[in-house]
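Student: Dumping the structure here so I can ask a few things about it.
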Amino acid sequence: MRSRHQHRPRFRRLSVAGAPARHLRRAASALVVLALGLGAALVPAVAAQADDIRSREYWLNDYGITQAWNTTKGKGQTIAVIDSGVDPTHPDLAGAVVGGKDFSGFGGPTGQPPAGDDNEHGTMVASLAAGRGDGPDSGIIGAAPEASILAISIGFGSQARNSDQQIADAVTWAVDNGATVINMSFSRNTPDWPESWDKAFLYAMEHDVVIVAAAGNRGSGITSVGAPATMPGVLVVGGVDRSGKSSFDASTQGITIGVSAPSEELVGATPGGGRAIWSGTSGASPIVAGIVALVKAAHPDLDVANVIERVVKTAHDAGTPGIDFLYGYGLVDASVAVSGKVAAVTKNPMGDLADWVRVYRRADGGAVAPAARADRNPPAAVPVPTVPWNPVGTLLPDPRKLSGWGLPAAVLAGLVAVWVTLIAGGVRAVRSSRRTR
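To convert, take the position in the sequence shown, counting from 1, and add 101; that gives this note's numbering.
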């Protein structure tokens, strides 16, 4: 089992009416840690009214979500958020969290309150999936605002004790406690996964529970998808910027990406009533999980294969024509996924985990990564930054993409080059001066 490290959230807090002052104090106290560790500052933003929060959710209109609400808002669906736990007292999540469980041994017994020092992640994820806002036109509203949330906390970083088994147990518990969709905004950072996941994930799929997973972020050191995003049958979500282009920092690439959704300039709820701007496929994944809940609510008789078929086959092609390594089938469209005509299938377009286990699982319990599918185009030439390898952690935003507060990588590289040149010039000048003495 690989150790799990939770990456500290890198985002910009919004000061909103009703948000406790302690959030701003905490932001200031965290500044040194984040600035030293990541080279970027965490600072309070200018004051923002609640309706300004709603206006920041550009994906609601751009990706057909508000149109899909004419048919359903996800009532009757339950999204299990397997993450760091969820704060059910947040105004934007009032009444949304209907249960939960802690598997880390450090959180509350029901996955509430969130576990750990850096516990914002799960609450942000939950708000994008099924946030309800704090008024008819204010606050953060999720893709499926009438769906319910199961708050499930697992261990990251110092709390990572037998985390592979925690995830297997969490999936099984979620299915047994009413989940119809499971969101996983974390990565094992390797393509392989433990055998315990085979049984748990198959259990979910056999009970028509759709598993949605984030692809990962290059800015967090994930240069290609890792488990659970490598597992057949899982709906894997890549990230795009506001213009619909594949995000360099807040996404990655891989043969298993199914669809893409916004992963930049996101807004999410934070524990204690706060809100924050953030980036990462950690946010793209729950948006799609919410859309999956809409599809399931509109088509309650569909199995996993046909729910995913609706989501991927109605996506708008992007990048290289056809299915590719950056966008998958394309940009998700909630409205067409819910209301469009899609032919029924007998096979999950994301692959069959049961078939994979029979073919690839070795007698010693080892596993190999999924083979490339013939219908995939070769990967685009994407330059990959040199970043330290990090074990499993939540897929949090890139330190260079802090909603305008971080410097782009190219600028940082240029500044470093200038700095090195100046130092070298100074050394040569000193040496020359010494020779002339």
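Here a beta-carbon is modelled for each residue, glycine too, at the ideal position from N, C-alpha and C.
Is the stretch 449-460 touching the stretch 376-384, taking contact as three or more C-beta pairs under 8 angstroms?
Tutor: No, the stretch 449-460 does not touch the stretch 376-384.
Student: Tell me, please, whether the stretch 347-360 touches the stretch 322-329 by the rule of three or more beta-carbon pairs shorter than 8 angstroms.
Tutor: Verdict: yes, contact present.
Student: Out of I241, G212, D153 and A197, state which residue places its alpha-carbon closest to the alpha-carbon of A370.
Tutor: Along the sequence shown, read from residue 1 onward, the residue named residue 370 stands at position 269. Selected option, being the one with the closest Cα: I241.
Student: Going by other Cβ atoms of all chains shown within 10 Å of its Cβ, with 16 needed for buried, is E365 buried or exposed?
Tutor: Along the sequence shown, read from residue 1 onward, the residue named residue 365 stands at position 264. Label assigned to E365: buried.
Student: Apart from the five residues on each side of it in sequence, which residues of its chain come closer than 7 angstroms, Cβ to Cβ, to F349?
Tutor: Along the sequence shown, read from residue 1 onward, the residue named residue 349 stands at position 248. For F349, where only same-chain residues beyond five positions count, the Cβ hits under 7 angstroms are R319.
Student: In the DSSP assignment, what are the bridge partners of I255?
Tutor: Against the sequence shown, residue 255 aligns to sequence position 154. DSSP, once it has assigned bridges, lists no residue as partnering I255.
Student: For G441, collect the residues of the same chain with a Cβ closer than 7 angstroms to its Cβ; drop the 5 residues on either side in sequence, then sort them by chain order.
Tutor: Locating residue 441 in the sequence shown gives position 340, where the first residue counts as 1. Answer for G441: T415, listed in chain order.
Student: Could you give the DSSP three-state label for I166: helix, strand or coil?
Tutor: The sequence position of residue 166 within the sequence shown is 65, counting from 1. In this structure, I166 counts as helix in the three-state DSSP scheme.
Student: Would you decide whether S249 is buried or exposed? Buried here means 16 or more other CB atoms lie within 10 Å of its CB.
Tutor: As a position in the sequence shown, residue 249 is number 148, starting the count at 1. With 16 or more Cβ atoms within 10 Å of its Cβ, S249 is classed as buried.
Student: For a quick check, are the C-beta atoms of V182 and N284 less than 7 angstroms apart?
Tutor: Counting from one through the sequence shown, the residue named residue 182 turns up at place 81. Counting from one through the sequence shown, the residue named residue 284 turns up at place 183. Yes, the pair counts as a contact, with Cβ atoms nearer than the cut-off.
Student: Whose C-alpha, out of Y164, D153 and I154, is nearest the C-alpha of P363?
Tutor: By 1-based counting over the sequence shown, the position of residue 363 is 262. Measuring from the Cα of P363, the nearest candidate turns out to be Y164.
Student: May I ask which residues mark the beginning and end of the alpha helix (DSSP H) holding L395?
Tutor: Residue numbering aside, residue 395 sits at position 294 when the sequence shown is read from its first letter. Start and end: T382 to A399.
Student: Can the beta-carbon of A438 be found less than 7 angstroms from the beta-carbon of R462?
Tutor: Your numbering for residue 438 matches position 337 in the sequence shown. Your numbering for residue 462 matches position 361 in the sequence shown. Not in contact: A438 and R462 (Cβ atoms no closer than 7 angstroms).
Student: Please identify the residue among G177, V408 and D425 whose C-alpha is closest to the C-alpha of G334.
Tutor: Taking the first residue of the sequence shown as 1, we reach residue 334 at position 233. Closest option to G334, Cα to Cα, is V408.
Student: Using CA atoms only, rank isn't needed, just tell me which of A244, D235 and Q267 is closest to S254.
Tutor: Stepping through the sequence shown from its first residue, residue 254 is reached at position 153. Taking only the C-alpha atoms, the option nearest S254 is Q267.
Student: On the three-state DSSP scale, how would you describe D402?
Tutor: The count along the sequence shown starts at 1 and reaches residue 402 at position 301. Coil.
Student: Cutting at 7 angstroms between CB atoms, please list the residues of its own chain near S297, excluding the five before and the five after it.
Tutor: As a working note, residue 297 is residue 196 in the sequence shown. If we look at S297 and ignore the five residues flanking it on each side, its Cβ neighbours are D265, Q266 and A269.
Student: Just to confirm before moving on: does the CB-CB distance between V338 and A385 stay below 7 angstroms?
Tutor: Position 237 of the sequence shown holds residue 338. Position 284 of the sequence shown holds residue 385. Against a cut-off of 7 angstroms, the Cβ pair of A385 and V338 comes out as a contact.
Student: Does the beta-carbon distance from G175 to A230 come in below 7 angstroms?
Tutor: As a position in the sequence shown, residue 175 is number 74, starting the count at 1. As a position in the sequence shown, residue 230 is number 129, starting the count at 1. No, the pair does not count as a contact, with Cβ atoms beyond the cut-off.
Student: What are the partner residues of L161, as DSSP defines its beta bridges?
Tutor: Position 60 of the sequence shown, counted from the first residue, corresponds to residue 161. Per DSSP, none; premise fails for L161.
Student: H546 by DSSP, collapsed to three states: which one?
Tutor: Only positions 102 to 538 of the chain appear in this structure, which leaves residue 546 out of reach.
Student: Based on DSSP bridge pairs, tell me the residues matched to W202.
Tutor: Counted from its first residue, the sequence shown places residue 202 at position 101. The amino acid at residue 202 is misidentified as Trp; the sequence shows Lys. Note: K202 sits in a beta bridge opposite I253.
Student: Return helix, strand or coil for S344, following the three-state DSSP convention.
Tutor: In the sequence shown, the residue the question calls residue 344 occupies position 243. Coil, per DSSP.
Student: In the DSSP assignment, find the unbroken alpha helix (DSSP H) run with W379 in it and report its ends.
Tutor: Working through the sequence shown from its first residue, we reach residue 379 at position 278. Run containing W379: none in the alpha helix (DSSP H); it sits in the beta strand (DSSP E), G375 to W379.
Student: Out of S185, A227, V226 and V198, which has the shortest C-alpha to C-alpha gap to F207?
Tutor: Here residue 207 refers to the residue found at position 106 when the sequence shown is read from its first residue. Closest option to F207, Cα to Cα, is S185.
Student: Do R155 and A197 have their C-beta atoms closer together than 7 angstroms?
Tutor: Position 54 of the sequence shown, counted from the first residue, corresponds to residue 155. Position 96 of the sequence shown, counted from the first residue, corresponds to residue 197. No; because the gap between Cβ atoms is not below 7 angstroms, this pair is not in contact.
Student: Within a Cβ cutoff of 7 angstroms, which residues of the same chain sit near G243, ignoring the five residues on either side of it in sequence?
Tutor: What you label residue 243 is simply residue 142 of the sequence shown in a count that begins at 1. The answer, listed in chain order, is S228, L229, A230, A231, G232 and G391.
Student: For G431, which residues in the same chain have their Cβ closer than 6 angstroms to its Cβ, ignoring the five residues on either side in sequence?
Tutor: The residue given as residue 431 occupies position 330 in the sequence shown. Taken in chain order, the residues that qualify are A416, H417, D418 and A419.
Student: Take the Cβ of A316 as the centre, count every other Cβ of all protein chains shown within 10 Å, and call the residue buried at 16 or more, exposed below.
Tutor: Within the sequence shown, residue 316 is the residue found at index 215, counting from 1. Classification of A316: buried, given that the 10 Å Cβ count is 16 or more.
Student: Rounded to whole angstroms, what's the CA-CA distance from P492 to S286? Just pull it up for me.
Tutor: Counting from one through the sequence shown, the residue named residue 492 turns up at place 391. Counting from one through the sequence shown, the residue named residue 286 turns up at place 185. The pLDDT assigned to P492 is 35, lower than 50, so where the model puts this residue is not dependable, and the model offers no usable value.
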